[in-house]
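Novice: Residue numbers (the numbering used here): -6 to 82. The beta-carbon is built from N, C-alpha and C at its ideal position, and this holds for glycine as well. Please find one structure pasted underneath; my questions will follow.
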C-alpha cells in the first residue's frame, strides 16, 4: 500500500480510471455483439440500425484511448461487410 500522499491519490485515480475503461470497453463489446446478433438472426433492417448505432460508440472509444484507431477501423469494416452481405441476400 502506498504511504506517500501523492501515491495514495494516484492509486485512487487509477481505480476510478480502470472502472471507467472497463465500462467503456463493455459498451463497445455490447454494441458489436448487437450488430453480429442481428446479422446472424437474418434481420436486415435491425442489423443496419444496430450498425449505425455502433459506429459512434466505436469512434468514441478511439477518442477516449480505449482502443487503437486501426482496431476501430477494422471493426467498422468487418461489421459493415457483414451487414452488406446480409442485405445482398
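Once you ignore the five residues that flank residue 52 on each side, which residues in its own chain have a CB closer than 7 angstroms to its CB?
Specialist: Translated into the one-based positions of the chain shown, residue 52 becomes position 59. Taken in chain order, the residues that qualify are 65.
Novice: Output the distance between the C-alpha atoms of residue 15 and residue 63, rounded to the nearest integer angstrom.
Specialist: Numbered from 1 along the chain shown, position 22 holds the residue referred to as residue 15. Numbered from 1 along the chain shown, position 70 holds the residue referred to as residue 63. One C-alpha to the other measures close to 20 angstroms.
Novice: Would you report the Cα separation of residue -1 and residue 19, rounded to the nearest angstrom?
Specialist: The residue labelled residue -1 in the question sits at position 6 within the chain shown. The residue labelled residue 19 in the question sits at position 26 within the chain shown. The straight-line gap from Cα to Cα measures roughly 30 angstroms.
Novice: At which residues does the alpha helix (DSSP H) containing residue 54 begin and terminate?
Specialist: For this step, residue 54 is matched to residue 61 along the chain shown. Where residue 54 is concerned, the enclosing alpha helix (DSSP H) stretches over 37 to 56.
Novice: Note down the Cα distance separating residue 79 from residue 67, rounded to an integer number of angstroms.
Specialist: The residue labelled residue 79 in the question sits at position 86 within the chain shown. The residue labelled residue 67 in the question sits at position 74 within the chain shown. Roughly 18 angstroms between the two C-alpha positions.
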